[in-house]
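One point on numbering: in the working numbering, the residue at position 35 of the sequence shown is 35, and numbering is uninterrupted.
Even glycine gets a Cβ: it sits at the ideal position worked out from N, Cα and C.
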Amino acid sequence: MIDLSKETLKLNYPCNWIYKLVCHHDKDIKEIMQDVLQDREHSVKQSKVSSKGKYKSYALELLVHNEDDRKELYRLLGEHKHIKMIV
């Protein structure tokens, strides 16, 4: 078996990055994106609805400029009250 625990992800920035988001079903994804991203260009596509209909998942794609930018976006998305999970 190959041990990948010591491997680091090497990206060439700027690059497009996709965050998978799980949000409460009754919240407007456009409002959530406005709260977090303001006027930053992005695209969002709905993926699935949970079996009980409580959550919706989305694919958020946008240009990240460097590793700090990518991590900061992850942090900001994770702190939003209507985003349940980020993958």
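Distance check for residue j and residue i, CA to CA, integer angstroms please.
| i | j | result |
| --- | --- | --- |
| Trp17 | Ala59 | 10 Å |
| Lys30 | Ser47 | 15 Å |
| Asp69 | Ile2 | 30 Å |
| His65 | Asp28 | 27 Å |
| Ser5 | Gln34 | 36 Å |
| Glu79 | Gln38 | 15 Å |
Can you name, in chain order, every residue of its own chain whose Cβ lies under 8 Å from the Cβ of residue i, other than the five neighbours on each side?
| i | result |
| --- | --- |
| His25 | Val49, Ser50, Gly53, Lys54, Tyr55, Lys56 |
Do residue j and residue i have their beta-carbon atoms positioned less than 7 Å apart in this structure?
| i | j | result |
| --- | --- | --- |
| Val22 | Lys84 | yes |
| Leu86 | Tyr19 | First, the residue type needs correcting, since residue 86 is Ile and not Leu in the sequence shown. Cβ distance < 7 Å, so Ile86 and Tyr19 count as in contact. |
| Leu76 | Val36 | yes |
| His42 | Leu73 | no |
Segments of 3+ residues assigned as beta strand (DSSP E) that fall wholly inside the segment 45-82 = 55-64
Note down, one range per segment and in chain order, each beta strand (DSSP E) of at least 3 residues found wholly within the segment 2-28.
-> Runs found: 15-24.
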